[in-house]
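Chemist: FYI, in the numbering used here the residues of the sequence shown are 11 to 581.
Just so it is clear, CB atoms sit at the ideal spot from N, CA and C, and this is done for glycine as well.
The structure presented is a predicted model; accordingly, all values stated were derived computationally and were not measured.
Below are the structure tokens for one structure; questions will follow.
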Amino acid sequence: MSLADRIAAARRANAGPGTSGSAASAPAPTAQTDTRLADEGLPAGDHTVPAPVSPEAAAQAAARAAAAVAGKRRADVPSDTRGTGRSSGAPAHAAPAAPVVATRAGTTPSGSHGTGNGTGNGTGNGTSNGAGTDAGSATRRIASLQQQDRIEELKSSVHVQLLKQMGPHLYDSDMDQNELDQEVRKVLADVLSSQDRPLSSSDRARVTQEISDDILGYGPIEPYLRDPDVSEVMVNGHASIWLEKSGKLVPATAHFSDEAHLRRTIDKIVSRIGRRVDESSPMVDARLPDGSRVNAVVPPLAVDGSALTIRKFATDPLTVDDLISFGSLSPQTADFLDACVRGRLNVIVSGSTGAGKTTTLNVLSSFIPDDERIVTIEDAAELQLKQDHVVRLESRPSNIEGKGAVSIRDLVKNSLRMRPDRIIVGEVRDASALDMLQAMNTGHDGSICTLHSNGPRDTLSRMETMVLMAGMDLPVRAIREQVASAVDLIVHQTRFKDGSRRITHITEVERMEGDVITLQDIFVWDGSAGFDAEGRALGRLRSTGLRPKFLEKMAYANVTVDPMLFATDKL
Numbered sequence: 011m012s013l014a015d016r017i018a019a020a021r022r023a024n025a026g027p028g029t030s031g032s033a034a035s036a037p038a039p040t041a042q043t044d045t046r047l048a049d050e051g052l053p054a055g056d057h058t059v060p061a062p063v064s065p066e067a068a069a070q071a072a073a074r075a076a077a078a079v080a081g082k083r084r085a086d087v088p089s090d091t092r093g094t095g096r097s098s099g100a101p102a103h104a105a106p107a108a109p110v111v112a113t114r115a116g117t118t119p120s121g122s123h124g125t126g127n128g129t130g131n132g133t134g135n136g137t138s139n140g141a142g143t144d145a146g147s148a149t150r151r152i153a154s155l156q157q158q159d160r161i162e163e164l165k166s167s168v169h170v171q172l173l174k175q176m177g178p179h180l181y182d183s184d185m186d187q188n189e190l191d192q193e194v195r196k197v198l199a200d201v202l203s204s205q206d207r208p209l210s211s212s213d214r215a216r217v218t219q220e221i222s223d224d225i226l227g228y229g230p231i232e233p234y235l236r237d238p239d240v241s242e243v244m245v246n247g248h249a250s251i252w253l254e255k256s257g258k259l260v261p262a263t264a265h266f267s268d269e270a271h272l273r274r275t276i277d278k279i280v281s282r283i284g285r286r287v288d289e290s291s292p293m294v295d296a297r298l299p300d301g302s303r304v305n306a307v308v309p310p311l312a313v314d315g316s317a318l319t320i321r322k323f324a325t326d327p328l329t330v331d332d333l334i335s336f337g338s339l340s341p342q343t344a345d346f347l348d349a350c351v352r353g354r355l356n357v358i359v360s361g362s363t364g365a366g367k368t369t370t371l372n373v374l375s376s377f378i379p380d381d382e383r384i385v386t387i388e389d390a391a392e393l394q395l396k397q398d399h400v401v402r403l404e405s406r407p408s409n410i411e412g413k414g415a416v417s418i419r420d421l422v423k424n425s426l427r428m429r430p431d432r433i434i435v436g437e438v439r440d441a442s443a444l445d446m447l448q449a450m451n452t453g454h455d456g457s458i459c460t461l462h463s464n465g466p467r468d469t470l471s472r473m474e475t476m477v478l479m480a481g482m483d484l485p486v487r488a489i490r491e492q493v494a495s496a497v498d499l500i501v502h503q504t505r506f507k508d509g510s511r512r513i514t515h516i517t518e519v520e521r522m523e524g525d526v527i528t529l530q531d532i533f534v535w536d537g538s539a540g541f542d543a544e545g546r547a548l549g550r551l552r553s554t555g556l557r558p559k560f561l562e563k564m565a566y567a568n569v570t571v572d573p574m575l576f577a578t579d580k581l
């Protein structure tokens, strides 16, 4: 007899007479059957009859099945399914133990119903609520976009009607800016009231402001130009605007409608000072009426769309007290620089891009006495001097024919024939350095200029290089002697990682020793304190304890300095 026949015979004998051989109705094997199977070489548990299942195990199985499918479909628990594993949302074949439990126990345990029903309802409702939240959020986003599109269409329509009604009055040079602003707003209100599209008061105010900014100002960047906390506005194509706030770069929410909108704004800025920007002249330096510096680059040089950079200047220029409150310099250093300017020393303000050189130059210029004639020379007029006797000169690029250019060097040469007491050059960046040195060495003491460099020693190296750009075959030693004779003081400024701008070196230019110009630091930035928890620099400007040798030159101008300013424990 085979092994299968012996197992079948054992089951029939165990079931007793009068019963069928159906495996479905056979009760579970007893201990006697297990012993007989073990005698025949089989393990006691190696049979096909399912093991008894407790009510608690059945409930847990139903709960696990419900959790497995809860994320796939919503649980739907009808009232007539209690007592089965289907109340949890599981398929019918997922809980085969339930009929065995009913046959052996006779009743469905309450724990099975509670667990299965609770799991199905909880999971299904959670999924339903999450889906409903996502759907509501998407609906709100779509509604917001539709509302924005409607406002943009309304703006375009109102803008066109406003231009038709006002026409040439928008460019009437005889009309005051305030009168023009009032006229535009009046006509704009009339045009909006005639629209058949309902507008809330907030939307009406928004449309009015944005159209006014487009016509009277510079479009979407106009609010940032009015914001005193914004120091720089950078446009990288019509859809990307970045701001500098507190020395940190942050993205702006506004944007231009398209490239043509951005180009119109750039043309409006540069045309007011008689300059142009197009494919034949795709780069331009300009300024706003308040003196803010503007640089624009348009395609084909700007690959991803026109780039516009505006460095703002405060309507009310910063004073020396402001720089002291910002920590850019100390009160003792401010007193020393005041004496140096009044003592007619030649000063170079150096630093990297965005370090605050022009602001420091403005502050130093404020120390010039009111009875002196000042000539300022710049690429784009930015300096805001408060003295009465000031002559402002500005360089000019070539016209469309490539003619008519007037460089900084030409203006420096011309300024020598204008009887200046002081010559202030906004930035020396080319061969004009030679003419500036000549001016300083020919009786025009007290001149001030700015220069890009990484430190006081690099300032002298750059000055030498720019003198060589003049094309004259001068020996390096002769250039250095000119620099050592002309320049008295270097004020170097640095922009730190936290966005703060600090004066880090006040250095005296002494004399030539061999082929090297000797420098002597008078005040130096002490950064040993490191940074605070927010990354702000904790250092300060300290005296080195050395007295400058140009004090005698200052004495000829009847200017004296308190020797205690140079005491190391004073700061």
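For V416, which of helix, strand or coil comes out of DSSP?
Modeler: Locating residue 416 in the sequence shown gives position 406, counting from the first residue. Looking at V416 - three-state DSSP - the assignment turns out to be strand.
Chemist: Quick check on H271: does DSSP put it in helix, strand or coil?
Modeler: In the sequence shown, the residue the question calls residue 271 occupies position 261. Correct three-state label for H271: helix.
Chemist: Tell me which same chain residues have a C-beta within less than 8 Å of the C-beta of D239, skipping the five on either side of it?
Modeler: Here residue 239 refers to the residue found at position 229 when the sequence shown is read from its first residue. Only K255, S256 meet the Cβ criterion.
Chemist: Span of the beta strand (DSSP E) holding N356?
Modeler: Within the sequence shown, numbered from 1, the residue matching residue 356 stands at position 346. From DSSP, N356 is part of no beta strand (DSSP E); its letter is neither H nor E.
Chemist: Whole-angstrom Cβ separation of L575 and F346, contact assumed at under 8 Å?
Modeler: The count along the sequence shown starts at 1 and reaches residue 575 at position 565. The count along the sequence shown starts at 1 and reaches residue 346 at position 336. The Cβ separation is near 5 Å, so the contact holds.
Chemist: If you check the beta carbons only, do V416 and M446 fall under 8 Å apart?
Modeler: The count along the sequence shown starts at 1 and reaches residue 416 at position 406. The count along the sequence shown starts at 1 and reaches residue 446 at position 436. Their beta carbons are not under 8 Å apart, which means V416 does not touch M446 by this criterion.
Chemist: With distances taken between CB atoms, is the gap from H265 to A249 smaller than 8 Å?
Modeler: Your numbering for residue 265 matches position 255 in the sequence shown. Your numbering for residue 249 matches position 239 in the sequence shown. Yes; because the gap between Cβ atoms is below 8 Å, this pair is in contact.
Chemist: Using the three-state DSSP reduction, which class does I231 fall into: helix, strand or coil?
Modeler: Walking along the sequence shown from the start, residue 231 turns up at place 221. Note: I231 maps to helix in three-state DSSP.
Chemist: Quick one, which of S212, T570, W535, F560 has its alpha-carbon nearest T554's?
Modeler: Looking up residue 554 in the sequence shown gives position 544. Ranking the options by Cα distance to T554, first place goes to W535.
Chemist: May I ask you to verify whether the region 373–387 touches the region 430–439, counting CB pairs closer than 8 Å and requiring at least 3?
Modeler: Because the criterion of three Cβ pairs below 8 Å is met, the region 373–387 and the region 430–439 touch.
Chemist: Is the region 379–394 touching the region 295–306, taking contact as three or more C-beta pairs under 8 Å?
Modeler: The region 379–394 vs the region 295–306: in contact.
Chemist: Quick one: using the 10 Å Cβ neighbour count with 16 as the cut-off for buried, is K559 buried or exposed?
Modeler: Numbered from 1 along the sequence shown, position 549 holds the residue referred to as residue 559. With fewer than 16 Cβ atoms within 10 Å of its Cβ, K559 is classed as exposed.
Chemist: Does DSSP put Q192 in a helix, a strand or coil?
Modeler: The residue you call residue 192 lines up with position 182 of the sequence shown. Of the three classes helix, strand and coil, the one that applies to Q192 here is helix, per DSSP.
Chemist: Is the CB-CB distance between H462 and S362 below 8 Å?
Modeler: Within the sequence shown, the letter at position 452 stands for residue 462. Within the sequence shown, the letter at position 352 stands for residue 362. A contact, by the Cβ cut-off of 8 Å.
Chemist: Could you check if G456 is buried or exposed, using at least 16 other CB atoms within 10 Å of its CB as the buried criterion?
Modeler: Counted from its first residue, the sequence shown places residue 456 at position 446. So G456 counts as buried.
Chemist: Taking buried to mean at least 16 other C-beta atoms within 10 Å of its own C-beta, is A148 buried or exposed?
Modeler: Taking the first residue of the sequence shown as position 1, residue 148 is located at position 138. Counting Cβ neighbours within 10 Å, A148 comes out exposed, since fewer than 16 surround it.
Chemist: Tell me whether the region 494–503 and the region 353–362 touch, counting them as touching only if at least three CB pairs, one residue from each stretch, are closer than 8 Å.
Modeler: Yes, since at least three Cβ pairs between the region 494–503 and the region 353–362 fall closer than 8 Å, the two stretches touch.
Chemist: For T469, which of S290, L529, R216, G414 has the nearest alpha-carbon?
Modeler: Residue numbering aside, residue 469 sits at position 459 when the sequence shown is read from its first letter. Out of S290, L529, R216, G414, L529 has the C-alpha closest to the C-alpha of T469.
Chemist: Where does P39 fall in DSSP's three states?
Modeler: Taking the first residue of the sequence shown as position 1, residue 39 is located at position 29. Caution is warranted here: a pLDDT of 45 is assigned to P39, below 50, making its placement in the model unreliable, and the coordinate value is therefore given only provisionally. Three-state result, P39: coil.
Chemist: Would you list the residues sitting across from K255 in a DSSP beta bridge?
Modeler: Residue numbering aside, residue 255 sits at position 245 when the sequence shown is read from its first letter. Partner(s): V240, K258.
Chemist: S241 to S408, Cα distance in whole Å?
Modeler: Position 231 of the sequence shown, counted from the start, is the residue given in the question as residue 241. Position 398 of the sequence shown, counted from the start, is the residue given in the question as residue 408. Whole-angstrom Cα-Cα distance: 30 Å.
Chemist: If you follow the alpha helix (DSSP H) that D445 is part of, which residue opens it and which one closes it?
Modeler: Counting from one through the sequence shown, the residue named residue 445 turns up at place 435. 442–451 is the extent of the alpha helix (DSSP H) around D445.
Chemist: So, at 7 Å on beta carbons, what are the nonlocal neighbours of A349 in its own chain, with the 5 sequence-adjacent residues on each side left out?
Modeler: Locating residue 349 in the sequence shown gives position 339, counting from the first residue. The answer, listed in chain order, is M564, V569, V571.
Chemist: Check for me: the beta strand (DSSP E) holding D295 runs from which residue to which?
Modeler: Residue mapping note: residue 295 aligns to position 285 of the sequence shown, counting from 1. Segment 293–297, the beta strand (DSSP E) holding D295.
Chemist: What first and last residue would you give for the beta strand (DSSP E) that runs through R372?
Modeler: Looking up residue 372 in the sequence shown gives position 362. Residue identity differs from the one stated: residue 372 is Asn in this sequence, not Arg. Segment 367–375 is the alpha helix (DSSP H) holding N372; no beta strand (DSSP E) there.
Chemist: Is DSSP giving I225 helix, strand or coil here?
Modeler: By one-based count along the sequence shown, residue 225 stands at place 215. Here I225 sits in helix by DSSP.
Chemist: Determine the contact status of V9 and L328, defining contact as a CB-CB distance below 8 Å.
Modeler: Since the first residue shown for the chain is 11 and the last is 581, residue 9 is missing from the structure and cannot be characterised.
Chemist: What residue range is occupied by the uninterrupted alpha helix (DSSP H) comprising I410?
Modeler: Your numbering for residue 410 matches position 400 in the sequence shown. Here I410 belongs to no alpha helix (DSSP H), and DSSP marks it neither H nor E.
Chemist: I'd like to check one pair, G247 with D288: are the Cβ atoms closer than 8 Å?
Modeler: Numbered from 1 along the sequence shown, position 278 holds the residue referred to as residue 288. Numbered from 1 along the sequence shown, position 237 holds the residue referred to as residue 247. No, these two residues do not count as a Cβ contact at 8 Å.
Chemist: Output the distance between the C-alpha atoms of P230 and I221, rounded to the nearest integer angstrom.
Modeler: One-based indexing of the sequence shown puts residue 230 at position 220. One-based indexing of the sequence shown puts residue 221 at position 211. Using only the alpha carbons, I get a separation of about 9 Å.
Chemist: Between A449 and M476, which are expected to be in contact by the criterion C-beta below 8 Å, what is the C-beta distance as a whole number of angstroms?
Modeler: By 1-based counting over the sequence shown, the position of residue 449 is 439. By 1-based counting over the sequence shown, the position of residue 476 is 466. Incorrect: roughly 14 Å between the Cβ atoms, too far for contact.
Chemist: Apply the 10 Å Cβ neighbour rule to M473 and answer buried if 16 or more other Cβ atoms are within range, or exposed otherwise.
Modeler: Residue 473 sits at position 463 when you count from the first residue of the sequence shown. Result: buried.
Chemist: Count the other CB atoms, across all protein chains shown, that sit within 10 Å of the CB of L339; report buried if there are 16 or more and exposed otherwise.
Modeler: As a first step, residue 339 is located in the sequence shown; it is residue number 329 there, counting from the start. Buried, since its Cβ has 16 or more Cβ neighbours within 10 Å.
Chemist: What is the rounded straight-line gap between the Cα of E523 and the Cα of V385?
Modeler: On the sequence shown, residue 523 is found 513 positions in, with the first residue counted as 1. On the sequence shown, residue 385 is found 375 positions in, with the first residue counted as 1. Cα to Cα, the separation comes out at about 34 Å.
Chemist: Whole-angstrom Cβ separation of G414 and R406, contact assumed at under 8 Å?
Modeler: Within the sequence shown, the letter at position 404 stands for residue 414. Within the sequence shown, the letter at position 396 stands for residue 406. Yes, G414 and R406 are in contact; Cβ-Cβ is about 7 Å, under 8 Å.
Chemist: Please report the straight-line C-alpha distance between A441 and G465, rounded to a whole angstrom.
Modeler: Taking the first residue of the sequence shown as position 1, residue 441 is located at position 431. Taking the first residue of the sequence shown as position 1, residue 465 is located at position 455. Cα to Cα, A441 sits roughly 21 Å from G465.
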